[in-house]
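A.B. asks: Numbering of the sequence shown is given in the working numbering, commencing with residue 7 and proceeding in unit increments. All residues carry an ideal CB built from backbone N, CA and C; glycine is no exception. Every value quoted in this text rests on a predicted model; they were computed, and no experiment measured them. I'd like to ask you about the structure that follows.
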Amino acid sequence: MRRKELGPDKHVTIKDVAEAAGVSLATASRVLSGRGYASESTRERVNNAIRELNFRPNEMARMLTSQHTDSIGLVLKNLVDPYYGHLANGVLDRVHQLGYHVIVCATDENEQLEREHIEMLMRQRAAGIIAVPTGSNQESWQELINMGVKTVFIDRQVSGLGDVDTIQVDNVRGAHKAMSYLISLGHSRIGIINGPVYSQQYADRLKGYLDALTEAGIKPDQELQENLSSKSEDSTQAINRLLSLPKRPTALFMTNSSIANSAIFTLREYHLQIPDDISLIIFDDAPLAQINNPPITVVAQPMAAIGHLAMEQLDRILKQSEQQIQQPVQRIIISPELIIRSSCSSPKIKR
């Protein structure tokens, strides 16, 4: 165990215990709370550190309930993607109005980096967190919540985690709207290039795609479905596979703007004109969709409005907690909007 010298007036914190025991803040907290897994040797190191530092566990509870700061953590993939940029702007627009300060953390969908951000926000005694989680790190998120940090998730949940207030787009309905529109134009061979289906939002978008086909009496064709295996996988190969089929799709449904960027570039390489040769819909109203020639039909997510709503929801939770009012966890579903532009037409009839 690492030994740490503390002055006589030094207030011993859970962070000091974690450092002395050579474990993470989340692990030390799990041992103290008795919740979650920690090996016997880890528990022994933490308990030894508690004794050596004369740490009183009830101090942690007092610290976390009465000494939260007015800081709010905002945990996102990045601020470059317009999806996250609009979301951040929506949160920031409300943060200062409601009297908080914000700490912005970018995870780049990296689970280890997300864990580090969670621990940092615990050390900073953030009052609450708004996050688009990676979907992993169940133990770290659970420990954060156990320590009294109020949390609102956007668009995703964390596997294995208990109920958390969540605001999300109705991904099934949004995908269904896109597909129903293409089907109404006469398309039946509609390709989908989707994110990884282990992420719930992409699983839901695939469900909307399949439901719309089935309801229209069209048998889903597996060769028209490209689900990327990871969030970082290049979608270009998936697009090439669809465009190289002997019977090419007459329309493409892209489930995020990053995939759409690759699709538009690849369609030009194939000398395919939108919508004369192939129709295109994107799930996300990124700037590219608006400035492309022709402008692209999209399923629009009101991300700035969702950011406003998330911050207002977190503020309500924090105020109710101060007043010791217990409220049930809320799951707010936002319906996306189909914006019809010029990228879709009826399929060409080959003569």
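1. Go through the stretch 189-260 residue by residue and report every complete run of the beta strand (DSSP E) that reaches 3 residues or more, in order.
2. Return the CA-CA distance between Pro-14 and Asn-60, expressed in angstroms with no decimal places.
3. Let me know the secondary structure DSSP gives Ile-331 once reduced to three states.
4. Would you list, in sequence order, the uninterrupted alpha helix (DSSP H) runs of no fewer than 4 residues that lie entirely inside the stretch 136-173?
5. What whole-angstrom Cβ distance do Gly-134 and Pro-342 have, given they're in contact under 8 Å?
6. Sorted by chain position, which residues of the same chain lie with C-beta nearer than 7 Å to Ile-280's C-beta, five sequence neighbours on each side aside?
7. Here's the rule: buried if 16 or more other CB atoms are within 10 angstroms of the residue's CB, otherwise exposed. What is Ile-265?
8. Report yes if the C-beta distance between Ile-199 and Ser-250 is below 8 Å; otherwise report no.
9. Quick check on the burial criterion: 16 or more other C-beta atoms within 10 angstroms. Buried or exposed for Asp-114?
10. Out of curiosity, what's the CA-to-CA distance linking Ala-32 and Asp-210?
11. Hey, Asn-233 and Pro-202 are a contact pair by Cβ (cut 8 Å); roughly how many whole angstroms apart?
12. May I have a chain-ordered list of the beta strand (DSSP E) segments no shorter than 3 residues that lie completely inside the stretch 61-128?
13. To the nearest angstrom, report how far apart Thr-71 and His-182 are at their CA atoms.
14. To which residues of the same chain is Asn-44 closer than 7 Å at the C-beta, ignoring the five residues directly before and after it?
15. Taking just the CA atoms, how far does Met-128 sit from Arg-8?
16. Alpha carbon to alpha carbon, what distance is there between Glu-275 and Thr-157?
17. What does DSSP give as the partner residues of Ala-306 in its beta bridges?
18. From the DSSP output, which residues share a beta bridge with Arg-36?
19. Taking just the CA atoms, how far does Met-260 sit from Asp-227?
20. When DSSP builds the beta bridges, which residues end up paired with Val-175?
21. Let's see if you can read the secondary structure: which residues bound the alpha helix (DSSP H) around Leu-294?
22. Beta-carbon separation of Leu-5 and Leu-248 under 8 Å?
23. Which residue's Cα is closest to the Cα of Gln-144: Ala-132, Ala-55, Asp-169 and Leu-219?
24. Classify Ser-47 as helix, strand or coil using the three-state DSSP reduction.
25. Using CA coordinates, which residue listed in Cys-111, Ser-205, Gln-206 and Ile-189 is at the minimum distance from Lys-1?
26. Exposed or buried, which one is Pro-334 when buried takes at least 16 other CB atoms within 10 Å?
27. Rounded to whole angstroms, what is the Cα-Cα separation between Gln-329 and Leu-320?
28. According to DSSP, is Ile-287 part of a helix, a strand, or is it coil?
29. Pop quiz: Cys-111 and Gly-79 are said to be a contact at Cβ under 8 Å. What is the actual Cβ separation, rounded to whole angstroms?
30. Just checking my contact of Leu-93 with Ile-160 at CB under 8 Å: how many whole Å lie between their CB atoms?
31. Which of the three DSSP states, helix, strand or coil, is assigned to Gly-134?
32. Going by Cα to Cα distance, which pick from Ser-268, Asn-246, Ser-351 and Val-304 is closest to Asp-283?
33. Only counting the same chain, and skipping five residues up and downstream in sequence, which positions put a Cβ closer than 7 Å to that of Leu-104?
C.D. replies: A quick look at the data gives this:
1. 196-200, 231-233 and 257-260
2. Unreliable positioning characterises Pro-14 in this predicted model, as indicated by a pLDDT of 45, which lies under 50. The coordinate reading is nonetheless provided below. Spanning the two alpha carbons is a distance of roughly 12 Å.
3. coil
4. 144-152
5. That belief does not hold up - the Cβ atoms of Gly-134 and Pro-342 are roughly 26 Å apart, past 8 Å.
6. Leu-273, Leu-286, Pro-300 and Ser-349
7. buried
8. Going by C-beta atoms, Ile-199 is not nearer than 8 Å to Ser-250.
9. exposed
10. 32 Å
11. 7 Å
12. 77-82 and 107-112
13. For Thr-71, the pLDDT reaches just 49, beneath the cut-off of 50, and the residue's location in the model is therefore unreliable, although a value from the coordinates is still provided. C-alpha of Thr-71 to C-alpha of His-182: approximately 44 Å in a straight line.
14. According to the sequence as given, residue 44 is Ala; it is not Asn. Only Thr-33, Arg-36 and Val-37 meet the Cβ criterion.
15. Low confidence applies here, because Arg-8 scores a pLDDT of 49, under 50, leaving its location unreliable; read the following figure in that light. If I take the Cα positions, the gap works out to 22 Å.
16. Answer to the nearest angstrom: the Cα atoms are 45 Å apart.
17. Glu-343
18. Arg-36 pairs with nothing; no bridge assigned.
19. When rounded, the distance between both Cα atoms is 16 Å.
20. Ile-340
21. 293-297
22. Here the chain comprises residues numbered 7 to 357, so residue 5 is not present and cannot be evaluated.
23. Asp-169
24. helix
25. What is shown of the chain runs 7 to 357, which leaves residue 1 out entirely.
26. exposed
27. 14 Å
28. Ile-287 carries a strand assignment under DSSP once its states are collapsed to helix, strand and coil.
29. Yes, Cys-111 and Gly-79 are in contact; Cβ-Cβ is about 6 Å, under 8 Å.
30. 7 Å
31. strand
32. Answer by Cα proximity: Ser-351.
33. The residues are Met-317 and Asp-321.
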